Amino acid sequence: MITVTEATATAVPLERLSGEGVSVWLDDLSRKRIESGNLAELVATRNVVGVTTNPSIFQAAIGSGEGYERQLTDLAVRGVTVDEAVRMMTTADVRAAADVLRPVFEATAGRDGRVSIEVDPRLAHDTAATVAEARQLAWLVDRPNVMIKIPATKAGLPAITEVIGLGISVNVTLIFSLERYREVVDAYLAGLERALAADIDLAGVHSVASFFVSRVDSEIDKRLTKDGSDDALALRGRAALANARLAYEAYENVFGTADGTAEGDARWTALAAHGAQKQRPLWASTGVKDPAYKDTLYVDELVAPGTVNTMPEGTLDATADHGDIQGDTVTGRYDGARADLAAVEALGISYDEVVGQLEDEGVSKFEAAWEDLLEAVAASLRGKGVEGE
């Protein structure tokens, strides 16, 4: 974690990124980051205008125990369950972070200044439970700038519609495929239509669609390397960018282009007339995993207006130091993106198989991180004389 004194001036590349219409969100949160003033400093000096969390992030933060001892002691005295203890700690952190970002939220009319918290990943395949958890999280955090994260599983799609229909802002997570992304957009529009029918002010309902990036390259590159041919090796590091760029094309087809040269489809236009907000694409998993690639690859090459890039701190620091922001690197590159994915398919690598595998693995990884977190908290509660059933 960078210190306050190290983040004394806004980095020029981050200024340029924001100037291109990309909202910079931090993909990390901990109580230490909040209480030390580090989060506020990143907002003030690094163009950070939002925060995302996930089960892995909370597992790392709470698992360390740093900053949570007093609350753990209180929870132990109350004899709460492990699940309740975890939710009390995670929602407390999100609530505090939301307060730090509240001025950004107000200055941007709710567009940014958002903090995301995810439903229990064990509910990813249960629509009703996901909706109930989303309502509970929104109530627990009790801040207008919270976003509830719902995974883009088949069961998650109707949950997205129902939660948006209640007027709760949603961060749709774990999107890997173009087909699933289109289904997510449809679920969002259906939710807005429900909210409109319920006389909910659409201007206050916001959503982002978190399209995962680096994991696509990790899996496809592995298969390209196994192929070993010159054609295969030449495609390494290109599939993830191609996938994301085509997602942005799909976004434009529904919501219209940022420059106004093309309007959105009729369904969206009708909702926009009632004050509805576009569901912005969010580039997630932007930390580069292959050391052969530039560490700001998924920032430099995914610059497009009306998007969000949520970065782990290492990527944020790298972008601040040597990011190469040269304007829009997405719009108009769709034919090349299609050609890259077609070339991968031509080598016998199934796009549908890869993205299906990545969705399953994504849910499993978050479930495992959540279980690890529960175990760590249970051990802490037992150490304070509570069994934590």
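Per our numbering, numbering of the sequence shown is gapless, rising by one per residue and ending at 387. Each residue gets a CB set at the ideal place from its N, CA and C atoms; glycine is no exception. Here the structure is a predicted model, which means the values were calculated and not measured.
- The alpha-carbon of K276 is positioned some 14 Å away from that of D199.
- T313 and G163 have their C-alpha atoms spaced approximately 35 Å apart.
- When DSSP states are grouped into helix, strand and coil, A282 belongs to the strand group.
- Rounded to the nearest angstrom, the Cβ distance from D229 to L345 is 7 Å, consistent with a contact under 8 Å.
- By the C-beta density criterion, H272 is exposed, having fewer than 16 other C-beta atoms within 10 angstroms.
- Taking the C-beta atoms as reference points, N45 is found no nearer than 7 Å to L24.
- Following the DSSP letters along the chain, one finds G354 inside the alpha helix (DSSP H) bounded by residues Y349 to G381.
- Residues I32 of the same chain have their beta carbon placed closer than 7 Å to that of A94, with the five preceding and five following residues left out of the count.
- Counting other Cβ atoms within 10 Å of its Cβ, R76 stays below 16 and is therefore classed as exposed.
- By the criterion of a C-beta distance shorter than 7 Å, A193 is surrounded in its chain by I162, G163, G165, L200 and V203, once the five residues flanking it on both sides are discounted.
- Counting every other CB atom within 10 Å of its CB across the protein chains shown gives K220 a total below 16, marking it as exposed.
- When secondary structure is reduced to three states using DSSP, N143 falls in the coil class, being assigned neither helix nor strand.
- A42 and L231 have their C-alpha atoms spaced approximately 42 Å apart.
- Burial check for G111: the Cβ neighbour count within 10 Å reaches 16 or more, so the residue is buried.
- Contact check for A238 against D215 passes: the beta carbons are separated by less than 7 Å.
- The beta carbon of V361 sits closer than 7 Å to those of P119, A122, P149, T151 and L172, all from its chain and outside the five residues before and after it, given in chain order.
- The beta carbon of Y66 lies closer than 7 Å to those of R29, I60 and M87 in the same chain, with the five residues before and after it left out.
- Beta-bridge pairing by DSSP links P149 to T171.
- Annotation note: the stretch 203 to 251 contains the following uninterrupted alpha helix (DSSP H) runs of length 4 or greater, listed N- to C-terminal: 212 to 225 and 228 to 232.
- In terms of Cβ geometry, L372 and V80 form a close pair [threshold 7 Å].
- The secondary-structure analysis by DSSP pairs L24 across a beta bridge with V49 and M309.
- As the crow flies, the alpha-carbon of G321 is around 10 Å from that of Y296.
- When T106, I158 and A136 are compared, the shortest CA-CA separation from A126 is found for I158.
- Here A96 is near V144, since their CB atoms are less than 7 Å apart.
- For I158, the three-state secondary structure derived from DSSP is helix.
- Nearest Cα to D326 within the set R236, A302 and S21: A302.
- Per DSSP, I32 is one residue of the alpha helix (DSSP H) stretching across R29 to E33.
- Taking the CA atoms as reference points, V206 sits about 13 Å from A274.
- The closest CA to that of S378, considering only E64, S16 and G258, is found on E64.
- Looking from the CA of D370, the closest CA among A58, A185, G48 and N36 belongs to A58.
- For R112, the beta-bridge partners assigned by DSSP are G48.
- For the 7 Å CB-CB criterion, A153 and D184 do not form a contact.
- In this structure, DSSP gives P119 a helical state, which the three-state scheme calls helix.
- Annotation: the continuous alpha helix (DSSP H) that includes D72 extends over E67 to R76.
- In the structure shown, V342 adopts helical secondary structure according to DSSP, grouped into three states.
- When the five nearest sequence neighbours on each side are left out, the beta carbons in the same chain lying within less than 6 Å of the beta carbon of V211 are those of A238, A242, W281, S283, T284 and Y296, in order along the chain.
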